[in-house]
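In this note's numbering, the protein residues as written are 14 to 124.
Idealized CB from N, CA, C, for every residue including glycine.
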């Protein structure tokens, strides 16, 4: 399949051409920040280790800090919970106690 262009028609834009790349607003802010860091290292103002540390921190998202009250307190682990109170509502005695004992598998009866 061939495409013919007239003399006055412009070909479609090539996304990978240098014209398309230079049409942007400039380098990405992260790139500019890293370039400034390594420029300082090249000039001898900072060490290579410091430049690597600073460069690694560029563009890293900072974690959101939430108020401690916003978190629900975690439940105690099952194995550390106290045994449920005895119940004589049904016969035999273990019928409801075992069903209410959530330290093991829920509703698991002990024989």
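When 77, 47, 52 and 38 are compared, the shortest CA-CA separation from residue 69 is found for 47. If only complete runs of 3 or more residues are kept, the stretch 43-85 shows no beta strand (DSSP E) anywhere. A distance below 8 angstroms between beta-carbons, with the five flanking residues on each side excluded, links residue 50 to the following residues of its chain, in chain order: 59, 64, 67, 68 and 71.
In the structure shown, residue 89 falls within a coil segment according to DSSP collapsed to helix, strand and coil.
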